[in-house]
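S.K.:
Protein chains: 2
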Amino acid sequence: MADPTRTWTAALIVIGDEILSGRTQDKNVSQVATWLNVQGIRLREVRVVADDRQAIIEAVNILRVGNDYLFTTGGIGPTHDDITVDAIAAALGVGVEIHEGARAILSAYYKTRGGLTEARLRMARVPAGASLIENRMSGAPGIRHGNIFIMAGVPHITAGMLESLTGTLEGGLPLLSATIGCWVAESEIADLLGATERAHEGCQIGSYPFFREGRTGANFVVRSTSQETLDACVTALSTGLEQGGWTVHPGGI
Amino acid sequence: MADPTRTWTAALIVIGDEILSGRTQDKNVSQVATWLNVQGIRLREVRVVADDRQAIIEAVNILRVGNDYLFTTGGIGPTHDDITVDAIAAALGVGVEIHEGARAILSAYYKTRGGLTEARLRMARVPAGASLIENRMSGAPGIRHGNIFIMAGVPHITAGMLESLTGTLEGGLPLLSATIGCWVAESEIADLLGATERAHEGCQIGSYPFFREGRTGANFVVRSTSQETLDACVTALSTGLEQGGWTVHPGGI
Numbered sequence: 260m261a262d263p264t265r266t267w268t269a270a271l272i273v274i275g276d277e278i279l280s281g282r283t284q285d286k287n288v289s290q291v292a293t294w295l296n297v298q299g300i301r302l303r304e305v306r307v308v309a310d311d312r313q314a315i316i317e318a319v320n321i322l323r324v325g326n327d328y329l330f331t332t333g334g335i336g337p338t339h340d341d342i343t344v345d346a347i348a349a350a351l352g353v354g355v356e357i358h359e360g361a362r363a364i365l366s367a368y369y370k371t372r373g374g375l376t377e378a379r380l381r382m383a384r385v386p387a388g389a390s391l392i393e394n395r396m397s398g399a400p401g402i403r404h405g406n407i408f409i410m411a412g413v414p415h416i417t418a419g420m421l422e423s424l425t426g427t428l429e430g431g432l433p434l435l436s437a438t439i440g441c442w443v444a445e446s447e448i449a450d451l452l453g454a455t456e457r458a459h460e461g462c463q464i465g466s467y468p469f470f471r472e473g474r475t476g477a478n479f480v481v482r483s484t485s486q487e488t489l490d491a492c493v494t495a496l497s498t499g500l501e502q503g504g505w506t507v508h509p510g511g512i
Numbered sequence: 260m261a262d263p264t265r266t267w268t269a270a271l272i273v274i275g276d277e278i279l280s281g282r283t284q285d286k287n288v289s290q291v292a293t294w295l296n297v298q299g300i301r302l303r304e305v306r307v308v309a310d311d312r313q314a315i316i317e318a319v320n321i322l323r324v325g326n327d328y329l330f331t332t333g334g335i336g337p338t339h340d341d342i343t344v345d346a347i348a349a350a351l352g353v354g355v356e357i358h359e360g361a362r363a364i365l366s367a368y369y370k371t372r373g374g375l376t377e378a379r380l381r382m383a384r385v386p387a388g389a390s391l392i393e394n395r396m397s398g399a400p401g402i403r404h405g406n407i408f409i410m411a412g413v414p415h416i417t418a419g420m421l422e423s424l425t426g427t428l429e430g431g432l433p434l435l436s437a438t439i440g441c442w443v444a445e446s447e448i449a450d451l452l453g454a455t456e457r458a459h460e461g462c463q464i465g466s467y468p469f470f471r472e473g474r475t476g477a478n479f480v481v482r483s484t485s486q487e488t489l490d491a492c493v494t495a496l497s498t499g500l501e502q503g504g505w506t507v508h509p510g511g512i
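Protein chains in written order, with my numbering: chain A, 260 to 512; chain B, 260 to 512.
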């Protein structure tokens, strides 16, 4: 059973000039975050860095020691701008080697797709001592080295890699959440939110305002690892809102 | 005229538990990145941190000295989880004060919306010595302190703040880009990409594979601050692809 006093954390490094240039809308932060929550692991920090060896090395070395797990997405393809494996090997102070299991996978995958060329064989390179993460969507596998999980940048391939890791990582209690919505300006009920959060230890209340259909509203997300505490906090907040004359929308607006 | 030898850089800190929990899909990274490019400023790093005072302080103090500009989004509303102003003031070692200009703006904005309550007045608090960034969408302004730009988290409000900053920041040459697409597996032309990039100093070629309509393809994004170099690199890459028997799609697929 998960130790309720222990919080497991992870960091994510998104590697890619295409995100920093604004060309590509990242989708991996939210899918990795959502997946981690279910594993009982909190995503504590994300860094987006360029396809730059030194930037990757620095981020890896800070985040791998400060967290239980470190995930990376991007930069593991066959082209010249794919430098993630080399940078992580350098960060770890290990060499880069061809993983024979990865070679076999790529060899089989490319058998009917033009063969395993030198460029494609690049995708079998791993930091020495690594194991593989199954790729259920295409050829090249992801890579695990200690507490570092090196995944693809293309979101549906990343999703498949996460799926193959489901249930294999030690974590704590999953973070539960419940949302209620209200057509209210959050500034009108700021005191209620603060007081309700303080009265329910182990709960966090996030307030997410929006402007829609010409009206101001907000969704309130309550988070806790305890279902009981969560329910009590949601009930208290709902009661407070109703007493103020607002209609509560369970599940959010 | 912009100094072609000087690269201006920025970092962005996205502040918010809702991004790290996976609940909210971030949209600010790509819009800030795109806007910065037009200003001739490169987005060099993004960090996503929780609504956590110490995490914000650490990120601010590292990134504000390593870059020409530092932008933040999120955490400047009226509720208890909005701690950005206090954390940045602490990072800078200055106090927090009510900005009289912000008080006047909020006072006018809330005149017909229930008045300027204590919670709403929180949004007039700034790190001592700050100036304001115009908010064209709603009441509370953004905040500038030295090279730090503190903006809203709600994307369309952030967009309005960026618009009001357009043309006011010193930058260098804007980064130009051109995209061509090809129905080719990037692994088949990895050598061509690397050789073409090496032959065109000051150009970067990014390779972005996809799988669509049952076929493998890739878009190649060439970036340079020189239109001439960019054009030469795109022409060379297109010629190389055509000589290999592939059809080039200008603008990408």
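Don't be surprised by glycine CBs; every beta carbon is placed ideally from N, CA and C.
Who are B/Ser436's beta bridge partners in DSSP?
M.R.: Per DSSP, B/Arg482.
S.K.: When you compare each of B/Ile274, B/Asn320 and B/Gly511 to B/Ala349 by their alpha carbons, which one comes out closest?
M.R.: Of the candidates B/Ile274, B/Asn320 and B/Gly511, B/Asn320 places its Cα closest to the Cα of B/Ala349.
S.K.: With which residues is A/Thr331 paired in a DSSP beta bridge?
M.R.: In the DSSP output, where bridge partners are listed per residue, A/Thr331 has A/Ile272 and A/Ile409.
S.K.: Within the continuous alpha helix (DSSP H) that includes B/His404, where are the two ends?
M.R.: First-last for B/His404: Gly401 to His404, but that is the beta strand (DSSP E), not the alpha helix (DSSP H).
S.K.: Can you tell me whether DSSP reads A/Ala346 as helix, strand or coil?
M.R.: helix
S.K.: According to DSSP, what are the bridge partners of A/Arg474?
M.R.: A/Arg474 pairs with A/Arg471.
S.K.: Measuring alpha carbon to alpha carbon, tell me which of A/Asp341, A/Gly388, A/Ile335 and A/Val273 ends up nearest A/Gly354.
M.R.: A/Gly388
S.K.: Between B/Cys462 and B/Val481, how many whole angstroms is the CB-CB distance? I'm expecting something under 8 Å.
M.R.: 6 Å
S.K.: Rounded to the nearest angstrom, how far is the Cβ of B/Gly401 from that of B/Ile407, given a contact under 8 Å?
M.R.: Going by Cβ atoms, the distance from B/Gly401 to B/Ile407 rounds to 11 Å, so no, they are not a contact pair.
S.K.: For A/Ile347, which residues from the same chain have a beta carbon less than 6 Å from its beta carbon, with the 5 sequence-adjacent residues on both sides left out?
M.R.: Val319 and Pro386
S.K.: B/Lys286 CB to nearest chain A CB: under 9 Å?
M.R.: yes
S.K.: Taking the C-alpha atoms as reference points, what is the distance between B/Tyr369 and B/Leu375?
M.R.: Inter-residue distance for B/Tyr369 and B/Leu375 is about 6 Å (C-alpha atoms, whole angstroms).
S.K.: With A/Val291 and A/Leu271 assumed to form a contact (beta carbons below 8 Å), what rounded beta-carbon distance in angstroms separates them?
M.R.: 5 Å
S.K.: Label B/Val273 either buried or exposed according to how many other C-beta atoms from any shown protein chain fall within 10 Å of its C-beta, with 16 as the threshold for buried.
M.R.: buried
S.K.: Can you list, in chain order, the residues of its chain with a C-beta nearer than 6 Å to that of A/Gly430? Leave out the 5 residues immediately preceding and following it.
M.R.: Cβ within range, chain order: Trp267, Gln298, Gly299 and Ile300.
S.K.: Does the beta carbon of A/Gly328 come closer than 9 Å to any beta carbon on chain B?
M.R.: It is worth fixing the name first, because residue 328 of chain A is Tyr in this sequence and not Gly. Interface residue (Cβ-Cβ distance to chain B less than 9 Å): A/Tyr328 is not classified as such.
S.K.: Thinking B/Pro414 and B/Asn296 are a contact (beta carbons under 8 Å), I'd like their distance in whole angstroms, please.
M.R.: Not really, about 18 Å apart at Cβ, beyond 8 Å.
S.K.: Roughly how many angstroms lie between the CA atoms of B/Ser436 and A/Trp505, to the nearest whole one?
M.R.: 50 Å
S.K.: Would you please state the rounded distance, in angstroms, between the beta carbons of B/Glu336 and B/Asp310? I believe it to be under 8 Å.
M.R.: Looking at the sequence shown, residue 336 of chain B is not Glu but Gly. The Cβ separation is near 11 Å, so there is no contact.
S.K.: Which residues in the same chain have their Cβ closer than 7 Å to the Cβ of B/Gly499, if we skip the five residues on either side of it in sequence?
M.R.: Leu451 and Thr455
S.K.: Find the residues of chain B that neighbour A/Ala309, judging by a C-beta separation of less than 7 Å, and give them in chain order.
M.R.: Result: Arg303.
S.K.: So what does DSSP say about A/His358, is it helix, strand or coil?
M.R.: coil
S.K.: Measure the CB-CB distance between A/Gly334 and A/Ile342 and report whether it falls below 9 Å.
M.R.: yes
S.K.: State yes or no: is the C-beta of A/Ile409 within less than 9 Å of the C-beta of A/Val493?
M.R.: No, the pair does not count as a contact, with Cβ atoms beyond the cut-off.
S.K.: Looking at the C-beta of A/Ala292, does it have a partner C-beta in chain B at a distance below 9 Å?
M.R.: Under the 9 Å criterion on CB atoms, A/Ala292 is classed as interfacial with respect to chain B.
S.K.: In the DSSP assignment, the beta strand (DSSP E) including A/Arg265 goes from what residue to what residue?
M.R.: Here A/Arg265 belongs to no beta strand (DSSP E), and DSSP marks it neither H nor E.
S.K.: Buried or exposed for A/Ile357, please, with buried defined as at least 16 other CB atoms from any protein chain shown within 10 angstroms of its CB.
M.R.: exposed
S.K.: Using a threshold of 9 Å, state whether the C-beta atoms of B/Gly426 and A/Glu447 are closer than that.
M.R.: no
S.K.: Could you compute how far the alpha carbon of A/Ile416 sits from the alpha carbon of A/Ala458?
M.R.: 43 Å
S.K.: Taking its Cβ as the centre, do 16 or more other Cβ atoms sit within 10 Å of A/Thr264, making it buried, or is it exposed?
M.R.: So A/Thr264 ends up on the exposed side.
S.K.: Helix, strand or coil for A/Ile392, going by three-state DSSP, please let me know.
M.R.: strand
S.K.: Name the residue from A/Glu422, A/Ser497, A/Trp294 and A/Val324 whose alpha carbon lies nearest to the alpha carbon of A/Ile439.
M.R.: A/Ser497
S.K.: Taking just the CA atoms, how far does A/Asp490 sit from A/Ala515?
M.R.: In the structure displayed, chain A extends from 260 to 512; residue 515 of chain A sits before or after that span and is not available.
S.K.: Taking just the CA atoms, how far does B/Glu445 sit from B/Ala477?
M.R.: One C-alpha to the other measures close to 6 Å.
S.K.: Using DSSP's beta-bridge definition, name the partner residues of B/Ser466.
M.R.: As computed with DSSP, B/Ser466 is found in a beta bridge with B/Phe479.
S.K.: Quick one: using the 10 Å Cβ neighbour count with 16 as the cut-off for buried, is B/Glu304 buried or exposed?
M.R.: A residue is called buried when at least 16 other Cβ atoms come within 10 angstroms of its Cβ; B/Glu304 meets this threshold and is buried.
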